[in-house]
Every structure is written in C-alpha cells, then in structure tokens.
Amino acid sequence: MGVSVIIPTHNRISHLKEAVRSVVTQSVRPKEIIIVDDNSDTKFDKDIFKSDRLINIIIHRFDSSVGACTARNKGAELATGEVLMFLDDDDTWEPNKIENQINILNNNKDIGLVYSGKLVVSDLDRNNVIRTIKPSANGDLYPEILYTNLIGTTSSVAVKREIFVDVGGFDINLPALQDYDLWIRCCKVTKIAHDSQCSVRYTVFNNPSNQISGRSNNHLEAVSYIMEKYAQEISTEGYLAYKKIKSAHLLRITKSAYKRNYFQAIPWAIKSIITYPNLRAGFYLMPPFINKIILRKWRLLT
Numbered sequence: 066m067g068v069s070v071i072i073p074t075h076n077r078i079s080h081l082k083e084a085v086r087s088v089v090t091q092s093v094r095p096k097e098i099i100i101v102d103d104n105s106d107t108k109f110d111k112d113i114f115k116s117d118r119l120i121n122i123i124i125h126r127f128d129s130s131v132g133a134c135t136a137r138n139k140g141a142e143l144a145t146g147e148v149l150m151f152l153d154d155d156d157t158w159e160p161n162k163i164e165n166q167i168n169i170l171n172n173n174k175d176i177g178l179v180y181s182g183k184l185v186v187s188d189l190d191r192n193n194v195i196r197t198i199k200p201s202a203n204g205d206l207y208p209e210i211l212y213t214n215l216i217g218t219t220s221s222v223a224v225k226r227e228i229f230v231d232v233g234g235f236d237i238n239l240p241a242l243q244d245y246d247l248w249i250r251c252c253k254v255t256k257i258a259h260d261s262q263c264s265v266r267y268t269v270f271n272n273p274s275n276q277i278s279g280r281s282n283n284h285l286e287a288v289s290y291i292m293e294k295y296a297q298e299i300s301t302e303g304y305l306a307y308k309k310i311k312s313a314h315l316l317r318i319t320k321s322a323y324k325r326n327y328f329q330a331i332p333w334a335i336k337s338i339i340t341y342p343n344l345r346a347g348f349y350l351m352p353p354f355i356n357k358i359i360l361r362k363w364r365l366l367t
C-alpha cells in the first residue's frame, strides 16, 4: 500500500522541518509528502527540506487562511496513496511508525484504521518525554467511541483513503475535536487496531493559547456541536448512557480550561460531576500544585 503523508502548517517553519525530517527518515518511506500551507506569512518551497529526493514532496498553498480541517481535506484530495497518514506540523514520528502501521493494514483486511500511542513532549524540550500514553482500545469501537476519544491525536493515525472518503473527511464546521469527530464516523464503518507502540512525539506548548486544543471556548462549542450531531446515536444508548457521555464531554472542557486557568475549570468540573458522578472531574477541583504532587507520587509507586 502506498502511503500519502499530509502535513497542514501555518507559521511554524522550524517545527515543520522537524516534522518532515521525521517522515523522510522512516524505516519504510511514504509514496509522497503533501504539505498544505494555510497561508503562512512567509512563503517557502520544498528546497528548504534537505530530504531524500526519492520522496515526492508536494506543497499546496492557500492564499487565505482556511483552517486545519480544510487543509487536511485538501491534502487528502491531492493524495494518490491508498493510505493516508496525517502529521501536525508541531509533532514528529518515531522511525518505525509507517512500517508498523502498514504491516497491520496489509495483514488484516478488515482493519481500516490503525493508531499509535504517544510520547508527550514540551515545545521547550522535545527530547524530554513528559508522559507516555499507550494505546489500548481496538476492534469494534462503536458505540464505545461516543463516550470518549479512544484513538487520540490525528498524528497517530493511518487510515485507508477509501474509508476517509466514504465517511466524508474532516468536518470543517468544528472549531476543535475534529479528529474525534472523524474517528466516530470511522468506527461506525470499520474495525480499528493499534500498533502497540508510542510512535508519535506529541508537543504541548508552555503557553496553551498557542495550541488549538488548549482553547476552552473552542472545546465548549465543539462539544455542543458533537452532542447535537450525534444526538440520535446517543439517545439510542439510553438515558443513563446519555448522562455519562455528556459528563465525559464536560470533562473535556474541564481539562482544556484547567490548562489555562484553574478557576475557570472549577464550574465545568462541577457540571461534569453533577451530570454523572466521576472521580476524574474531582481531580480538577484540586489546585495544580497539589495534583502535581499526587501525580509525582503515583508515578513513583507505579
């Protein structure tokens, strides 16, 4: 299977170079790298990438900003590979990411999407792993996927192009959680597998406002949109399931707000607990310095 790697980018040329470097040094190379420039302030061409010329690099530039979803969809439209792999410009891959995921797709015809775990790193030091998130869920993940994002970040996924096209690609109306929304639709039509690895270095920014996923207002709007979009599917799960799903999505907003302002997170944590009691929301009622102490001791014990 030929692999098309799609990298949307906007004003992150230094990070973009690292992302591309992590692709061209893969143990199995892709058919092509498609970079979709969402109207960066400074124009660039493929000559800035000191890459192996055996890999075709395509650059598509928008003359006005269209957002990451439209950029990814455009990359998929331009792709010629049977498998699409998306990579955010601030993330990088470990050397065997493509090889591991292609092997699974080649050996399991009923699998349409493969994902990996991630190594969480800071934008201040991307060599230092802050946290490791291992993959676990696989198989038929619908309707379980309605409760929470079992698959994770866009950068971790390999999806068959026919599946991506059949489910309609990324929803451009969402201000956040675009990946999660796409995974819901994929899980309705195909089985899911993970590669048992943590093949993505996922960058978190010291200033959360630099990261779309760190904007709680976007999360609130996205959660409301998703709850309405899948209202019929959620209702078929029953009233208790509806409450649990709503609580889980309120917890998403809580997490997003907590990254920016502890006091802004408190009302969302309370709403999550009232909707469906859960310990995770209670975690965010505690000040960050207390949580850091608890997490440090927990990691020492485990």
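Following the numbering used here, the numbering of the sequence shown begins with 66 at its first residue and continues without gaps. We treat Cβ as the ideally placed atom computed from N, Cα and C, and that holds for glycine.
### Task
Thinking G67 and K96 are a contact (beta carbons under 8 Å), I'd like their distance in whole angstroms, please.
4 Å
### Query
Nearest-angstrom Cα distance between S369 and S221?
Absent from the structure is residue 369, since the part of the chain shown begins at 66 and ends at 367.
### Buried/exposed call for P200, threshold 16 Cβ in 10 Å
Around the C-beta of P200, 16 or more other C-beta atoms lie within 10 Å, and the residue is accordingly described as buried.
### Task
Could you pull the start and end residues of the beta strand (DSSP E) that K256 belongs to?
K256 to V269
#### Entry: Residue burial classification, S92 (beta-carbon count within 10 angstroms, cutoff 16)
exposed
### Task
Taking 8 Å as the cut-off, decide whether the C-beta atoms of I335 and H284 are in contact.
no
### Message
Quick check on DSSP: helix, strand or coil for D102?
### Response
strand
### Message
Do I176 and K256 have their beta-carbon atoms positioned less than 8 Å apart in this structure?
### Response
yes
### Task
Can you grab the Cα-Cα spacing for the pair I277 / A241, in whole Å?
Bear in mind that a pLDDT of 49 at I277, under 50, signals an unreliable position, so the number given afterwards is only what the model happens to contain. Cα-Cα distance, rounded: 7 Å.
### Message
Need the endpoints of the alpha helix (DSSP H) that F229 sits in, please.
### Response
Element bounds for F229: R226 to V232.
### Query
Terminal residues of the continuous alpha helix (DSSP H) containing G140?
G140: member of the alpha helix (DSSP H) spanning A133 to L143, first to last residue.
### Query
Going by the beta-carbon positions, is the gap between I100 and T74 smaller than 8 Å?
yes
### C-alpha gap between S87 and G204, whole angstroms
29 Å
### Message
So, for S300: in the same chain, excluding its five sequence neighbours on each side, which residues have a beta-carbon less than 8 Å away from its beta-carbon?
### Response
Around S300: Y307.
### Query
DSSP puts L149 in a beta bridge; with which residues?
In the DSSP secondary-structure assignment, L149 is bridged to S69 and V224.
### Query
Roughly how many whole angstroms lie between the Cα atoms of T219 and F127?
When rounded, the separation of the alpha-carbon atoms in T219 and F127 is 21 Å.
#### Entry: Given Y207 as reference, the closest of V288, R250, L119 and R196 once Cα atoms are compared
R250
### Query
Taking the Cβ atom as the reference point for each residue, do Y349 and K320 lie within a distance shorter than 8 Å?
Contact flag set, yes.
### Message
By alpha-carbon positions, which one of R196, F114 and R94 ends up nearest to G146?
### Response
R94
### H125 (DSSP reduced to helix, strand or coil)
H125: strand per DSSP, three-state reduction.
### Query
Between the stretch 137-153 and the stretch 221-237, are three or more C-beta pairs nearer than 8 Å?
yes
### Message
Per the DSSP calculation, S181 is bridged to which residue(s)?
### Response
None; S181 has no bridge partner.
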